[in-house]
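Peer 1: Take a look at this one; I'll ask things after.
There are 2 protein chains.
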Amino acid sequence: MLRTSMQVAEESGERSMGVTLSEVARHAGVSLATASRALNGSARTVGGELAAKVRASADALGYLPNAPAQALARSATANVGVLLHDVADPYFSAIARGVSDAAGQAGLLPLVINTDGDPQTQVRGIRMLHGQRVRAIVLAGSAHTDPAAVRAVDAALADYRADGGRIATITDHGPGYDAVLPDNRGGAADLTRALLALGHREFAVITGPERLRVPMERLAGVREALAEAGLEPAEGTVQHVEFTREGGREAVRRLLDRPQAQWPTAVLALSDVCAVGVLGELRERGVDVPGRMSVAGFDDIPFAADVAPALSTVRMPLERLGASAVTLALESDGGERPDRLTLPTEVVLRGSTGAPFRQDR
Amino acid sequence: MLRTSMQVAEESGERSMGVTLSEVARHAGVSLATASRALNGSARTVGGELAAKVRASADALGYLPNAPAQALARSATANVGVLLHDVADPYFSAIARGVSDAAGQAGLLPLVINTDGDPQTQVRGIRMLHGQRVRAIVLAGSAHTDPAAVRAVDAALADYRADGGRIATITDHGPGYDAVLPDNRGGAADLTRALLALGHREFAVITGPERLRVPMERLAGVREALAEAGLEPAEGTVQHVEFTREGGREAVRRLLDRPQAQWPTAVLALSDVCAVGVLGELRERGVDVPGRMSVAGFDDIPFAADVAPALSTVRMPLERLGASAVTLALESDGGERPDRLTLPTEVVLRGSTGAPFRQDR
DNA sequence: CATCAGTGGGAAAGCGCTTTCCCGGAGGTT
DNA sequence: AACCTCCGGGAAAGCGCTTTCCCACTGATG
Chain X
1 MLRTSMQVAE ESGERSMGVT LSEVARHAGV SLATASRALN GSARTVGGEL
51 AAKVRASADA LGYLPNAPAQ ALARSATANV GVLLHDVADP YFSAIARGVS
101 DAAGQAGLLP LVINTDGDPQ TQVRGIRMLH GQRVRAIVLA GSAHTDPAAV
151 RAVDAALADY RADGGRIATI TDHGPGYDAV LPDNRGGAAD LTRALLALGH
201 REFAVITGPE RLRVPMERLA GVREALAEAG LEPAEGTVQH VEFTREGGRE
251 AVRRLLDRPQ AQWPTAVLAL SDVCAVGVLG ELRERGVDVP GRMSVAGFDD
301 IPFAADVAPA LSTVRMPLER LGASAVTLAL ESDGGERPDR LTLPTEVVLR
351 GSTGAPFRQD R
Chain D
1 MLRTSMQVAE ESGERSMGVT LSEVARHAGV SLATASRALN GSARTVGGEL
51 AAKVRASADA LGYLPNAPAQ ALARSATANV GVLLHDVADP YFSAIARGVS
101 DAAGQAGLLP LVINTDGDPQ TQVRGIRMLH GQRVRAIVLA GSAHTDPAAV
151 RAVDAALADY RADGGRIATI TDHGPGYDAV LPDNRGGAAD LTRALLALGH
201 REFAVITGPE RLRVPMERLA GVREALAEAG LEPAEGTVQH VEFTREGGRE
251 AVRRLLDRPQ AQWPTAVLAL SDVCAVGVLG ELRERGVDVP GRMSVAGFDD
301 IPFAADVAPA LSTVRMPLER LGASAVTLAL ESDGGERPDR LTLPTEVVLR
351 GSTGAPFRQD R
């Protein structure tokens with residue numbers, strides 16, 4: 001004979017998992033159905049008196065709904081998934097915070113997965129979240145430039161969506177997705193124009209790996225603004241590195257290896273965490289910022305204002321990015337036209353930028 | 001007549017949630033039981049031939065196990081919960097990364113909840129995670145000093161544990177929990193001794209709110225080392241603020257409001273993010289660091305080495321803290337004696353500290 | 001050659017909920 | 001007074017899995 005968990009619990013003196021709804025129902029002297037309706041408000045209502053009695057029993061027994069069971073019965077969980085490169089990176093952690101807040105608002109719990117920007121890991125992550133039957137997936141990392149990678153991710157997302165999953169991406173992952181789009185290109189162009197306005201003509205740009213789309217978009221923005229001024233980056237002054245502090249340092253080292261005459265007067269690091277590395281390396285090398293070289297970043301992570309010198313950058317509403325993505329994904333009526341929300345960026349000039357260094361002075 | 005989701009799916013041309021195991025079983029021409037055993041390796045084995053056939057069918061159909069259903073059947077989910085103050089804070093995001101990595105190793109997915117250090121929110125969070133039937137909860141935020149708050153949290157945790165939940169805390173939440181314990185007190189004492197060794201005698205200490213235990217422990221460490229040298233902080237030089245950049249700035253403002261003769265030569269900010277605020281404010285006020293004032297932090301968050309001047313601090317293995325907590329919680333045999341693992345800290349002296357300022361010079 | 005593990009397949013009972021369907025009673029219409 | 005419609009309670013069928021229990025079969029054993 002099969003033994004119920006209750007019996008086991010009674011025998012062993014240890015129940016495996018919580019008070020069940022039917023215990024509550026029995027305690028309140030009502031049916032399972034009524035208990036369920038009273039505690040979780042279905043379409044149907046329950047008589048005021050009974051409802052109160054059920055609620056009383058529920059917290060007398062310390063009832064906590066079994067989320068997996070609810071999920072199964074409703075075929076809908078109370079979770080959202082977040083896919084990002086690395087929670088420990090301030091850019092992503094700010095986004096994660098936004099996602100978390102918006103999810104909380106909606107009564108959902110966020111499940112976060114670090115992909116380190118690897119397409120494979122990303123695909124596995126999507127599958128896991130799909131398996132979890134999360135209500136929505138927020139894809140926070142940059143899209144890839146490699147078509148094969150894009151296809152793989154798209155396929156995984158398509159499967160998920162085919163099963164009723166909702167998706168929102170942060171930054172552009174193709175026209176098929178609801179998306180929150182910070183103006184990467186425009187922001188980079190604006191930043192460049194701001195530096196041009198300060199008088200700079202000799203730029204270096206430190207951007208992210210070519211395999212990612214976001215850094216490429218930002219780079220395109222820089223090029224666009226430079227072109228407007230009839231300029232283009234000199235050979236060897238566009239460095240592709242990882243968007244990490246170490247990446248920034250590495251790029252600086254390469255830049256300073258060149259003869260001083262070829263040093264740029266302004267370096268655009270297209271990610272703040274990268275820029276922080278740049279600042280650190282320049283300081284250690286004794287290069288004055290902004291006297292000898294202006295430095296600007298991108299993202300306006302919380303620390304940007306506090307490093308020394310305070311970092312000029314392009315402000316992006318990181319938390320809002322995350323929060324909006326959740327909202328978008330949840331609202332998405334599954335209609336034909338995906339919602340695509342462009343968020344403006346804003347140049348913030350602080351102490352790390354100034355007038356260009358003059359060789360002849 | 002009740003209609004199965006299959007029928008609905010066939011009629012509407014849209015299935016609500018994925019390929020099911022029984023579809024796989026049918027496709028492979030085996031029973032549900034066999035399919036389950038083949039795909040998820042139970043105690044029982046399945047003939048090699050059949051197993052292969054099942055696996056083939058599974059990925060022919062693109063089968064993804066329904067996690068909530070598995071959770072219900074097994075009465076065990078594949079999730080762990082992390083409760084922290086704020087993912088966007090580098091201290092916690094590093095821990096979160098560690099948790100995430102260790103969870104991944106164990107085939108689990110992390111569910112993260114921000115509590116902003118509020119006991120109420122913390123209790124609600126624990127209840128939610130309990131409801132989710134997560135396998136383990138990692139409590140990453142500091143314990144409270146208010147007994148009522150502690151009781152509330154303890155009660156929620158006790159309920160969870162009574163239902164078979166596993167718990168590990170980071171920092172001390174009382175002797176009843178498996179815990180990973182960075183040596184807050186010892187680290188703070190060591191840091192203080194290091195500054196004493198540099199010749200400092202006039203200290204200010206900026207620590208966290210009195211409602212949290214961690215900042216109090218650190219403060220105690222400082223006091224202890226000071227006492228060894230026959231010193232104690234002068235009146236008004238111990239500032240309790242939030243462990244945020246703004247908190248750091250605020251404390252500095254209060255400190256500098258005092259007559260210059262009473263300015264400390266060293267300020268111990270007992271959290272790096274706080275210290276970064278201190279550095280920022282001092283720079284803006286034109287106070288030279290470390291010339292006029294040495295500044296030290298605590299935690300060694302990734303940025304600490306890159307701010308200017310590079311921050312002297314107490315290194316804590318943040319990611320390992322998170323990872324170890326997961327391991328501990330999962331291993332915990334539920335035996336009588338909780339596992340408590342003390343992790344050493346290490347003083348790291350960088351550019352933000354130096355010899356004390358001499359008034360008479 | 002009968003007996004006994006041991007092996008591996010399948011039927012079916014749960015896991016803890018939600019929701020459909022049925023039904024009896026109250027109130028409103030002709 | 002007969003007829004309908006609401007309203008709200010309860011029985012029971014699922015949701016998609018895991019696992020127990022039963023059973024048929026194989027090969028070893030005495």
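These protein sequence lines map, in sequence, to chains X and D.
Under the numbering used here, the residues of the first sequence are numbered 1 to 361, in order.
Under the numbering used here, the residues of the second sequence are numbered 1 to 361, in order.
Beta carbons are placed, not taken as given, at the ideal position from N, Cα and C, and that holds for glycine.
Computed from a predicted model, the values in this text were never measured in an experiment.
Hey, out of D:Phe303, D:Thr237, D:Gly174, whose CA is closest to Lys258 (chain D)'s CA?
Peer 2: Here the sequence assigns Arg to residue 258 (chain D), which means Lys is not the residue at that position. For Arg258 (chain D), the nearest C-alpha among the options comes from D:Thr237.
Peer 1: I'd like the ranges of any alpha helix (DSSP H) spanning at least 4 consecutive residues and lying wholly in the stretch 232-309 of chain X.
Peer 2: Complete alpha helix (DSSP H) runs here, min 4: 245-256, 272-284.
Peer 1: What do you reckon, are the CB atoms on Ala188 (chain D) and Arg166 (chain D) nearer than 7 angstroms?
Peer 2: Contact: no.
Peer 1: Identify the contact partners of Leu64 (chain D) in chain X, using a Cβ-Cβ distance below 7 angstroms as the criterion.
Peer 2: Here the neighbours are Arg127, His130, Gly131.
Peer 1: Where do the ends of the beta strand (DSSP E) carrying Pro110 (chain X) lie?
Peer 2: That run of the beta strand (DSSP E) goes 109-114.
Peer 1: Using the C-alpha atoms, what's the distance from Val214 (chain X) back to Asp299 (chain X)?
Peer 2: Asp299 (chain X) and Val214 (chain X): Cα-Cα distance of roughly 12 angstroms.
Peer 1: Which residue from D:Leu181, D:Arg161, D:Gly117 puts its Cα closest to that of Thr145 (chain D)?
Peer 2: Per the Cα distances, D:Gly117.
Peer 1: May I have the straight-line CA-CA distance separating Val347 (chain X) from Ile126 (chain X), to the nearest angstrom?
Peer 2: Whole-angstrom Cα-Cα distance: 34 angstroms.
Peer 1: Helix, strand or coil: which one does DSSP assign to His144 (chain X)?
Peer 2: In the structure shown, His144 (chain X) sits in a strand (DSSP, three-state: E or B).
Peer 1: Using a Cβ cut-off of 9 angstroms, pull out every chain X residue sitting near Leu111 (chain D), in sequence order please.
Peer 2: Within 9 angstroms Cβ-Cβ: Asn79, Leu109, Pro110, Leu111, Val112.
Peer 1: If you measure from the beta carbon of Gly354 (chain D) to each beta carbon in chain X, is any gap under 7 angstroms?
Peer 2: Chain X contact via Cβ: absent.
Peer 1: Between the stretch 188-215 of chain D and chain X, which residues of the former have CB atoms less than 8 angstroms from a CB of the latter, in chain order?
Peer 2: So the list is empty, because no residue satisfies the distance condition.
Peer 1: If the cut is a Cβ gap below 9 angstroms, which residues of chain D does Leu279 (chain X) touch?
Peer 2: Per Cβ cutoff of 9 angstroms: Asp306, Val307, Ala308.
Peer 1: Do you know offhand how far Ala73 (chain X)'s Cα is from Arg37 (chain X)'s?
Peer 2: Looking at the two C-alpha atoms, the distance is approximately 14 angstroms.
Peer 1: Mapping DSSP to helix, strand and coil, what is Asn184 (chain D)?
Peer 2: Helix.
Peer 1: Using three-state DSSP, classify Thr121 (chain X) as helix, strand or coil.
Peer 2: In this structure, Thr121 (chain X) counts as helix in the three-state DSSP scheme.
Peer 1: Tell me the DSSP secondary structure of Arg127 (chain X) in three-state form.
Peer 2: Helix at Arg127 (chain X).
Peer 1: By the three-class DSSP mapping on this structure, what secondary structure does Phe357 (chain D) have?
Peer 2: In this structure, Phe357 (chain D) counts as coil in the three-state DSSP scheme.
Peer 1: Buried or exposed, going by whether 16 or more other CB atoms sit within 10 Å of the CB of Asp172 (chain X)?
Peer 2: Buried is the call here.
Peer 1: Let me check one thing: in DSSP terms, what residues is Asp178 (chain X) bridge-paired to?
Peer 2: Note: Asp178 (chain X) sits in a beta bridge opposite X:Ala168.
Peer 1: Output, in chain order, the set of chain D residues within a Cβ distance shorter than 8 angstroms of Ala88 (chain X).
Peer 2: What Ala88 (chain X) touches in chain D: Pro90, Ser93, Ala94, Ala96, Arg97, Pro302, Glu319.
Peer 1: Could you compute how far the alpha carbon of Ser294 (chain D) sits from the alpha carbon of Ala304 (chain X)?
Peer 2: Using only the alpha carbons, I get a separation of about 22 angstroms.
Peer 1: Got a sec? Which residues, its chain only, sit under 8 angstroms from Leu39 (chain D) by beta carbon, not counting five neighbours each side?
Peer 2: For Leu39 (chain D), where only same-chain residues beyond five positions count, the Cβ hits under 8 angstroms are Leu21, Val24, Val54, Arg55, Ala58, Tyr63, Pro65.
Peer 1: Quick check on His37 (chain D): does DSSP put it in helix, strand or coil?
Peer 2: Here the sequence assigns Arg to residue 37 (chain D), which means His is not the residue at that position. Residue state, collapsed to three classes: helix.
Peer 1: With distance defined between alpha-carbon atoms, name the residue in X:Asp190, X:Ile137, X:Leu83 nearest to Glu331 (chain X).
Peer 2: Nearest option by C-alpha distance: X:Ile137.
Peer 1: Kindly indicate if chain X contains any beta-carbon less than 7 angstroms away from that of Val8 (chain D).
Peer 2: For Val8 (chain D), the predicted structure reports a pLDDT of 36, less than 50, and the residue's modelled location is therefore unreliable. A value from the coordinates is still provided. It does not: the Cβ of Val8 (chain D) has no partner Cβ on chain X nearer than 7 angstroms.
Peer 1: The beta strand (DSSP E) that contains Val82 (chain D), what's its start and end?
Peer 2: Here the beta strand (DSSP E) through Val82 (chain D) covers 79-84.
Peer 1: Between the stretch 232-263 of chain D and chain X, which residues of the former have a C-beta closer than 8 angstroms to a C-beta of the latter?
Peer 2: Going along the stretch 232-263 of chain D in chain order, one finds Arg245 with a Cβ nearer than 8 angstroms to chain X.
Peer 1: Can you tell me whether Ala58 (chain D) is helix, strand or coil according to DSSP?
Peer 2: It is helical.
Peer 1: What residues from chain X crowd round Met17 (chain D), counting only those whose CB sits closer than 7 angstroms?
Peer 2: Going along chain X in sequence order, the residues near Met17 (chain D) (Cβ under 7 angstroms) are Ser75, Arg133, Asp163, Gly164.
Peer 1: Check the Cβ-Cβ distances between Arg283 (chain X) and every residue of chain D, and say whether any is below 7 angstroms.
Peer 2: By this cut-off, Arg283 (chain X) is an interface position.
Peer 1: Out of curiosity, what's the CA-to-CA distance linking Val46 (chain D) and Asn114 (chain X)?
Peer 2: Distance between the alpha carbons of Val46 (chain D) and Asn114 (chain X) is about 35 angstroms.
Peer 1: So Ala372 (chain X) packs on Pro344 (chain X), CB below 8 angstroms; how close in whole Å?
Peer 2: Residue 372 (chain X) lies beyond the residue range present for chain X, which begins at 1 and ends at 361; the question has no answer from this structure.
Peer 1: Can you tell me which of X:Gly248, X:Arg201, X:Leu212 puts its alpha carbon nearest to the alpha carbon of Gly141 (chain X)?
Peer 2: Selected option, being the one with the closest Cα: X:Leu212.
Peer 1: Buried or exposed for Ala155 (chain X), going by 16 or more other Cβ atoms inside 10 Å?
Peer 2: The residue is exposed, with fewer than 16 neighbouring Cβ atoms inside 10 Å.
Peer 1: For Val245 (chain X) versus Gly277 (chain X), is the C-beta distance shorter than 7 angstroms?
Peer 2: The residue you asked about is not Val; residue 245 (chain X) is Arg in the sequence shown. Result yes, Cβ atoms of Arg245 (chain X) and Gly277 (chain X) sit closer than 7 angstroms.
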